[in-house]
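S.K.: Take this structure, written in structure tokens, and hold onto it; I'll ask about it next.
Residue numbers (the working numbering), protein chains in the order written: chain A, 1419 to 1592; chain B, 11 to 511; chain C, 773 to 1147.
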């Protein structure tokens, strides 16, 4: 089983990388977005390998299924041309981007070399049980009740805002 | 965290008592949304309801003054004098924002058909700020910050038939998303290093265990990205000129005071609590020097870039970047005197900045422009308004007898006697204030000493209500400049923050 | 959990012994090896695949033709073979022979991949369909949720087809279809949640097992709560929309959009899209029967000594019952298609957001209260 999961992990990891590199590199926004879908999907697979079934499914339904579909939808409705039209004007921005990316890369490499001794959290649950919808739900409405409720306000606000900004009869002229 | 259900329920019940102001704001938010659907005439009723709601919330907040300093909601939310001070500040800023919105032509009946949701979003933003000031867990910090950010995006883009407003909103979203992303990445690193999300637990872990310094520094830098964006300090300031210019002016005023104050509240709590000094007196991550650098660049860039601006809102945006620098000077002192100075200055800044923006609104209502060159001859045409603007600008520069002077004075005194580096910073602060004199006084210069191009001299004063509000803010600015003891004492008493036990 | 507490006295239900799902067939397959090659692992997904092919041929294409013919008072295919039974085989042979045309202006990779992704999205959900107490591809503890989520991948495929074809009808069709699929996911998910709440699990086998008992059909979830039948109807309507079936077939609306997102497709790619549509019809029907109509449980009750339920239970009977239930709803979908006219786009959205979603939410709350305090 070890080798099987290692092969699967390598495959999914490669897919994740292909997805993210493709997202950045492809000039066509539609292809770009599709590569991102691939990336999300492969990430979902990696979650499955970690026995986090619930999170894997959430990843697929929320990101690959809903957000990216709406994203693609918008790109197609706007009928964007290739990105070439939006030529980068500022070399400064490019330089800043390279700098930031370089810093993050060095950081990741550095952290990989670290040995971290974390305090072990005591839990009687196995990894599969932690990932179960039941236990996630239980945590959400007990220990994380407060953030959970705040998220509901945040979502309501976002819905109100989206409607306000998208409503048609907003301008008094119409 | 407790694991058995009865204990959790008990804790939540207890916590609800400490959460009354926030509950009242949430109820107000829902009430305003509902009223907006039910009522036909909203332009007067909804702002009034919001104001009454703010007053009621203020009463509940006032009751929190005597509450014990404690963490609530399973260690997610803190109530202490520090948070309560900021809550009053946010309520004041929110109430002022409601008042100045009522008078704005920009958001008037001609331009905006539906104003109800505006107030709802404004209330949600105040709620987010409350949570920011009280958050004691990285999860809550992020959520509260997002609540404020999302409301700001909506408010900035509220004038959606104007391209500038939509553009500002879009830029704000993009910068906001990037910096929240950086911040969450930094927080995840901290979680990876310590295994905790609660800032008190993080502090405990850092002081008890050996933590890799390089990683912690990088993580703290990334977290600073999120905070820096909220307070508008260099190099996270790119959004502010465009957003300040494009947003409806009342929103600009509220963003520049409320958002900034909330950002400072969270920043002070995070850095003072989570990354404490080790027994040797050294910091696990040397944020003091780092803040010194940011403050220095902010003061220089903000003040010098403002010189070339002719749009008043844009100029005030750069001035607000510079003010973030001054405030950071107070933060980096890292003792009670510095924090107290920051709190006093934020209160002062709220009064004078809202005042300045309000006068800009009043002038724009009449002449339809935010350009300095169009302000010529206004000294004669709108004497009271022009006088008020002059007072606010004097205060922003930091000259006596105004509250801005006291604020700057307190910050610079806190810096003195801490060593040469701090002294140098204080001197640079004073010098850059002198630079700010140049661009601030361009406005009175135009108003009083230059004739308008068409030579019009007909008076065009605003309504009595507008004049009264401007005069009230002007009196506050001067009054707190002369009798600053009550406010300074309130800040002094509120500096008590729940620190690691 | 006590089934049917209100309608049946305790004495009757107390003796009910729930069937245990052991998934023994799947386990047998998993350990099957030929010369060290784990053939069994590949056989498990192959079984539903073969099933889909056979079902789409006979219940899908042939059945649809016969049903429509019956509804319109015609005879339908009757020339090829006995009762026209060979008609679909002939169709398939024709489709295979067709030249594989890709339009010059099309975005080739998207055009080719689109139908595949649509089919994979529909087929991947079969992994969690419980075909019997002993056979389910993967008994995930989030089974239903997985099925809901993987289907949403179909929308990506549809968009790829519509965009890749570089044809305005296709793009219109794809955009309409995605708007519809994404919207109807909401009432569908809430309705599913009602069923999940009654069973207390997201695992398909556990949901089915929670509905087994001596009294057969009376143990089915749809009779356990006064609102379950409403949830079932909402799910059925939403399922029609998610499969792009009439009366929600505006994405392919022949009279306005030629064929919508698959206008440019021919040959096997066209067949693939059709296969996916039939596959998702059966899949939604099975989910419906699992959630509300007892899955592989026999509907017949034990009446005294005549133990009809016991006689008709068991792994093979289970497969029979669930496939029967699935086919029943597929036929109902065809019946609906040939009965109702097509919705307009705005009516479609109105139905989803202003009728189905609020009702589903209300039912959800009511069902929760019912579960907590009555059952």
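From the three backbone atoms N, C-alpha and C, an ideal C-beta is built for every residue, glycine too.
The structure presented is a predicted model; accordingly, all values stated were derived computationally and were not measured.
Mind checking which residues open and close the beta strand (DSSP E) that includes residue 1148 of chain C?
M.R.: Past the edges of chain C, shown from 773 to 1147, lies residue 1148 of chain C, and the structure says nothing about it.
S.K.: Identify the contact partners of residue 167 of chain B in chain A, using a Cβ-Cβ distance below 8 angstroms as the criterion.
M.R.: Along the second chain, one-based indexing puts residue 167 of chain B at 157. Result: 1583.
S.K.: Closer than 7 angstroms by beta-carbon distance: list the chain C residues that pair up with residue 1550 of chain A, in chain order.
M.R.: In the first chain, the residue the question calls residue 1550 of chain A occupies position 132. By Cβ distance, chain C contributes 913.
S.K.: In whole angstroms, give me the CA-to-CA distance for residue 224 of chain B and residue 208 of chain B.
M.R.: As a first step, residue 224 of chain B is located in the second chain; it is residue number 214 there, counting from the start. As a first step, residue 208 of chain B is located in the second chain; it is residue number 198 there, counting from the start. Approximately 21 angstroms between the Cα atoms of the pair.
S.K.: What residues from chain A crowd round residue 922 of chain C, counting only those whose CB sits closer than 9 angstroms?
M.R.: As a first step, residue 922 of chain C must be located in the third chain, where it is residue number 150. Correct list: 1475, 1478, 1479 and 1483.
S.K.: So the beta strand (DSSP E) residue 902 of chain C belongs to, where does it begin and stop?
M.R.: As a working mapping, residue 902 of chain C is identified with position 130 in the third chain. From DSSP, the beta strand (DSSP E) with residue 902 of chain C extends over 902–904.
S.K.: Going along the chain, which residues of its own chain have a beta-carbon closer than 6 angstroms to the beta-carbon of residue 1050 of chain C, five neighbours each way excluded?
M.R.: Here residue 1050 of chain C refers to the residue found at position 278 of the third chain. Hits under 6 angstroms: 828 and 832.
S.K.: For residue 7 of chain B, which beta-bridge partners are listed by DSSP?
M.R.: As displayed, chain B neither begins before 11 nor continues past 511, which places residue 7 of chain B out of reach and without an answer.
S.K.: Output the distance between the C-alpha atoms of residue 446 of chain B and residue 322 of chain B, rounded to the nearest integer angstrom.
M.R.: On the second chain, position 436 is the one that residue 446 of chain B refers to. On the second chain, position 312 is the one that residue 322 of chain B refers to. Going by the C-alpha atoms only, they are around 13 angstroms apart.
S.K.: So who's on the other strand from residue 145 of chain B, going by DSSP bridges?
M.R.: Counted from its first residue, the second chain places residue 145 of chain B at position 135. Paired residues: B:87.
S.K.: Count the other C-beta atoms from every protein chain shown that fall within 10 angstroms of the C-beta of residue 1033 of chain C, then say buried if there are 16 or more, exposed otherwise.
M.R.: On the third chain, residue 1033 of chain C is found 261 positions in, with the first residue counted as 1. So residue 1033 of chain C ends up on the buried side.
S.K.: Can you tell me which of the three DSSP states residue 46 of chain B falls into?
M.R.: Locating residue 46 of chain B in the second chain gives position 36, where the first residue counts as 1. Helix.
S.K.: Give the range of the alpha helix (DSSP H) segment to which residue 279 of chain B is assigned.
M.R.: Here the question's residue 279 of chain B lines up with position 269 in the second chain. Taken as a continuous stretch (DSSP letters only), the alpha helix (DSSP H) holding residue 279 of chain B covers 270–279.
S.K.: Would you please state the rounded distance, in angstroms, between the beta carbons of residue 912 of chain C and residue 982 of chain C? I believe it to be under 8 angstroms.
M.R.: Translated into the one-based positions of the third chain, residue 912 of chain C becomes position 140. Translated into the one-based positions of the third chain, residue 982 of chain C becomes position 210. Actually they do not touch by this definition, with Cβ atoms about 17 angstroms apart.
S.K.: Using a Cβ-Cβ cutoff of 8 angstroms, what residues of the stretch 152–166 of chain B are near chain A? List them in chain order.
M.R.: 153, 154, 156, 157, 160, 161, 163 and 164
S.K.: Look up residue 908 of chain C in the DSSP assignment and say whether it is helix, strand or coil.
M.R.: As a working note, residue 908 of chain C is residue 136 in the third chain. It is a strand residue.
S.K.: Is the stretch 94–110 of chain B in contact with the stretch 233–247 of chain B, if contact means three or more CB pairs nearer than 8 angstroms?
M.R.: no
S.K.: What in chain A is Cβ-close to residue 931 of chain C, meaning under 8 angstroms?
M.R.: In the third chain, counting from the first residue as 1, residue 931 of chain C sits at position 159. Ordered by position in chain A, the residues that pass the 8 angstroms Cβ test against residue 931 of chain C are 1487, 1490, 1491 and 1494.
S.K.: With a threshold of 8 angstroms between beta carbons, is residue 184 of chain B in contact with chain A?
M.R.: Taking the first residue of the second chain as 1, we reach residue 184 of chain B at position 174. Not closer than 8 angstroms to any Cβ of chain A, the Cβ of residue 184 of chain B fails to qualify, so no.
S.K.: If we define contact as Cβ-Cβ less than 8 angstroms, is residue 1096 of chain C a contact residue for chain A?
M.R.: Residue mapping note: residue 1096 of chain C aligns to position 324 of the third chain, counting from 1. With 8 angstroms as the cut-off, residue 1096 of chain C does not count as an interface residue toward chain A.
S.K.: Under DSSP, the alpha helix (DSSP H) around residue 1556 of chain A begins and ends at which residues?
M.R.: What you label residue 1556 of chain A is simply residue 138 of the first chain in a count that begins at 1. That run of the alpha helix (DSSP H) goes 1551–1559.
S.K.: Which residues in the same chain have their Cβ closer than 7 angstroms to the Cβ of residue 1165 of chain C, if we skip the five residues on either side of it in sequence?
M.R.: The structure shown does not extend to residue 1165 of chain C, since chain C spans only 773 to 1147, so no value can be given for it.
S.K.: Between residue 1134 of chain C and chain A, is there a C-beta pair that is closer than 8 angstroms?
M.R.: Position 362 of the third chain, counting from 1, holds the residue named residue 1134 of chain C. For residue 1134 of chain C, the answer is no, since every Cβ of chain A falls outside 8 angstroms of its Cβ.
S.K.: Run through chain C and tell me which residues come within less than 8 angstroms of residue 1471 of chain A, C-beta to C-beta.
M.R.: Sequence index remark: in the first chain, residue 1471 of chain A carries index 53 (1-based). Contacts between residue 1471 of chain A and chain C, judged by CB atoms closer than 8 angstroms, involve 912, 913, 914 and 918 in chain order.
S.K.: Per DSSP, what kind of secondary structure is residue 321 of chain B in: helix, strand or coil?
M.R.: The residue labelled residue 321 of chain B in the question sits at position 311 within the second chain. Three-state result, residue 321 of chain B: strand.
S.K.: Could you compute how far the alpha carbon of residue 286 of chain B sits from the alpha carbon of residue 177 of chain B?
M.R.: As a working mapping, residue 286 of chain B is identified with position 276 in the second chain. As a working mapping, residue 177 of chain B is identified with position 167 in the second chain. Between residue 286 of chain B and residue 177 of chain B, the C-alpha separation is close to 41 angstroms.
S.K.: Would you say residue 391 of chain B and residue 468 of chain B are within 8 angstroms of each other, going by their C-beta atoms?
M.R.: Locating residue 391 of chain B in the second chain gives position 381, where the first residue counts as 1. Locating residue 468 of chain B in the second chain gives position 458, where the first residue counts as 1. Yes.
S.K.: Does chain C have any CB closer than 8 angstroms to the CB of residue 1526 of chain A?
M.R.: As a first step, residue 1526 of chain A is located in the first chain; it is residue number 108 there, counting from the start. Not an interface residue.
S.K.: Indicate whether at least one CB of chain B lies closer than 8 angstroms to the CB of residue 1569 of chain A.
M.R.: Counting from 1 along the first chain, the entry for residue 1569 of chain A is found at position 151. At least one chain B Cβ lies under 8 angstroms of residue 1569 of chain A.
S.K.: Does residue 897 of chain C come within less than 8 angstroms of chain A when only Cβ atoms are used?
M.R.: Position 125 of the third chain, counted from the start, is the residue given in the question as residue 897 of chain C. Cβ-Cβ to chain A under 8 angstroms: no for residue 897 of chain C.
S.K.: In chain order, what residues of the stretch 72–90 of chain B put their CB closer than 9 angstroms to some CB of chain A?
M.R.: 82, 83, 84, 86 and 87
S.K.: Assuming residue 181 of chain B contacts residue 253 of chain B under a Cβ cut-off of 8 angstroms, what Cβ separation, rounded to an integer in Å, is found between them?
M.R.: Residue numbering aside, residue 181 of chain B sits at position 171 when the second chain is read from its first letter. Residue numbering aside, residue 253 of chain B sits at position 243 when the second chain is read from its first letter. Correct: roughly 7 angstroms between the Cβ atoms.
S.K.: Three or more beta-carbon pairs under 8 angstroms between the stretch 298–317 of chain B and the stretch 262–272 of chain B, yes or no?
M.R.: no
S.K.: Spell out the partners DSSP gives residue 1075 of chain C in its beta bridges.
M.R.: Within the third chain, numbered from 1, the residue matching residue 1075 of chain C stands at position 303. Note: residue 1075 of chain C sits in a beta bridge opposite C:1078.
S.K.: For a test of the three-state rule: what should DSSP assign to residue 208 of chain B, helix, strand or coil?
M.R.: Here residue 208 of chain B refers to the residue found at position 198 when the second chain is read from its first residue. Strand.
S.K.: Would you please state the rounded distance, in angstroms, between the beta carbons of residue 338 of chain B and residue 366 of chain B? I believe it to be under 8 angstroms.
M.R.: On the second chain, residue 338 of chain B is found 328 positions in, with the first residue counted as 1. On the second chain, residue 366 of chain B is found 356 positions in, with the first residue counted as 1. That pair is no contact at about 21 angstroms.
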